[in-house]
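Each remark here refers to the structure printed beneath this line.
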Amino acid sequence: MYFESLMALWQMDGHGPYVWSAYGITAAVLVALVWVPLRRKRELMSLLRIRQRRQSS
Amino acid sequence: MWSFIHKWGAPRSFYGMSGKLLPWLALLALGLIAVGAVWGLLFVPPDYKQGNSFRIIYIHVPAAAVAMAGYMLMAVAGAISLIWRMKLADMVVKSCAPVGAALTALALLTGSIWGKPTWGAWWVWDARITSVLVLLFLYLGVIVLHESYENKEAAGKACAVLALVGAVNIPIIYWSVEWWYSLHQPASISFTGESSIHPDMLRPLFVTIAGFYCFFAYVLLLYVRAEILYRERNTRWVQALVAPAQP
Chain A
0 MYFESLMALW QMDGHGPYVW SAYGITAAVL VALVWVPLRR KRELMSLLRI
50 RQRRQSS
Chain B
0 MWSFIHKWGA PRSFYGMSGK LLPWLALLAL GLIAVGAVWG LLFVPPDYKQ
50 GNSFRIIYIH VPAAAVAMAG YMLMAVAGAI SLIWRMKLAD MVVKSCAPVG
100 AALTALALLT GSIWGKPTWG AWWVWDARIT SVLVLLFLYL GVIVLHESYE
150 NKEAAGKACA VLALVGAVNI PIIYWSVEWW YSLHQPASIS FTGESSIHPD
200 MLRPLFVTIA GFYCFFAYVL LLYVRAEILY RERNTRWVQA LVAPAQP
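Encoded structure:
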């Protein structure tokens, strides 16, 4: 590792807030991008399931 | 060749085949991004001028590169859907827009955060940054345009045209740092000559760029598959998918 301690890694000579917030935002956006279509599919499937049940009964 | 395209182009078989790809893409994307990010954050020495803030490059450049490549894919899919009326291409256009918009916003955000300690400003009306902002508006334009039409076939056509016309912006973004006097640093990676950054700093960048490409492919497939299910909801194969356990 380049940094001598975890604290130095966290602070990055004063650039820590910038670097870590950029990485944090990126992680949040990437997770949201996966979550949105998965939720859309799940909702659609449950909707179709309800419709199917109604038609068969 | 043609039968191959035909097979992949049919929504039903595309749904089946892409399903097998998903776990591999997810694994690749997660692995590459994690390895590249940890490598870039922990094991690369800081930049001699910018210090540690340059570590943002490992997410900023991939997000921007994939946002631009995603736009090109959207434009090509738009052309295919206009010329051959291919349903799947139309779905790809629609699905590229939210993913591309998010990645473009991410590139702007991380760039802004990088700009503050490096240039002293969160935002400057610079050729590179402004043209990427135009890219964001083009993506958002496709989303809004698609929502604004009742008739989804007309919506698809309008979006395809917008995607094609907007493609003019991509070379402008790419060469903006050379055409205009710019605050933005010129390209770090060179395909023709020697890259302007040290190979030690470059290697993790290639890893995260590859990771972001895999991530884009993965998420795009998720969006397209959800769209396929929605549009084919009245077909027998989707009905069977909904209730597989019925005797």
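Chains as they are written, first to last, in numbering that gives the first Met the number 0: chain A, 0 to 56; chain B, 0 to 246.
By construction, the Cβ of each residue, glycine as well, lies at the ideal position given by its N, Cα and C atoms.
Here the structure is a predicted model, which is why all the values come from computation and not from measurement.
Quick one: what's got a C-beta closer than 6 Å to residue i's C-beta in the same chain, skipping five residues either side?
| i | result |
| --- | --- |
| CYS158/B | VAL92, VAL141, LEU144 and HIS145 |
| ARG127/B | SER175, VAL176, SER181 and HIS183 |
| ALA25/B | TYR217 |
| TYR148/B | ALA154 |
| ALA63/B | ALA106 |
| GLY210/B | ALA28, LEU31, ILE32 and GLY35 |
Where DSSP assigns a beta bridge to residue i, which residues make up the other side?
| i | result |
| --- | --- |
| ASP46/B | GLY50/B |
Excluding the 5 residues preceding and the 5 following residue i in the sequence, name in chain order all residues of the same chain whose CB lies nearer than 7 Å to its CB.
| i | result |
| --- | --- |
| ALA88/B | ALA76, ILE79 and SER80 |
| ILE55/B | THR109, ILE112 and TRP113 |
| MET85/B | GLY8 and ILE79 |
| ASN168/B | SER130, VAL133, LEU134 and LEU137 |
| GLN49/B | THR117 |
| ALA100/B | LEU135, TYR138, LEU139 and ILE142 |
Could you check whether the Cβ of residue i sits closer than 8 Å to any Cβ belonging to chain B?
| i | result |
| --- | --- |
| ARG53/A | no |
| VAL30/A | no |
| LEU43/A | yes |
| LEU5/A | no |
| SER56/A | no |
Kindly indicate the opening and closing residues of the alpha helix (DSSP H) around residue i.
| i | result |
| --- | --- |
| GLY280/B | Because chain B spans 0 through 246 in this model, residue 280/B falls outside it and cannot be assessed. |
| THR234/B | Taken as a continuous stretch (DSSP letters only), THR234/B belongs to no alpha helix (DSSP H), as it is neither H nor E. |
| TRP122/B | Careful: TRP122/B lies outside any alpha helix (DSSP H) and carries neither H nor E. |
| ILE128/B | 126-147 |
| ILE32/B | 10-37 |
| GLY15/A | 15-55 |
Short of 8 Å in beta carbon distance, which residues of its chain neighbour residue i, apart from the five on each side in sequence? Order them along the chain.
| i | result |
| --- | --- |
| LEU201/B | SER187, ILE188 and SER194 |
| LEU107/B | ILE128, VAL131, LEU132 and LEU135 |
| VAL223/B | PHE13, SER17, LEU87, MET90, VAL91 and SER94 |
| PRO45/B | ASN51, PHE53 and ARG54 |
| VAL123/B | GLY114 and LEU182 |
Three-state secondary structure (DSSP) at residue i?
| i | result |
| --- | --- |
| PHE2/A | coil |
| PRO97/B | helix |
| HIS183/B | coil |
| ASN168/B | helix |
| PHE190/B | coil |
| SER195/B | coil |
| ALA209/B | helix |
| ALA225/B | helix |
| ALA88/B | helix |
| ALA242/B | coil |
At the 8 Å Cβ level, is residue i part of the contact set with chain A, yes or no?
| i | result |
| --- | --- |
| LYS115/B | yes |
| ALA101/B | yes |
| GLY35/B | no |
| LEU41/B | yes |
| GLY119/B | no |
| ASN51/B | yes |
| LEU221/B | yes |
| PRO203/B | no |
| ILE142/B | no |
| PHE214/B | yes |
| ALA129/B | Before going further, note that residue 129/B is Thr rather than Ala in the sequence given. Not an interface residue. |
| PRO44/B | yes |
| TYR229/B | yes |
| VAL98/B | yes |
| VAL160/B | no |
| ALA66/B | no |
| LEU105/B | yes |
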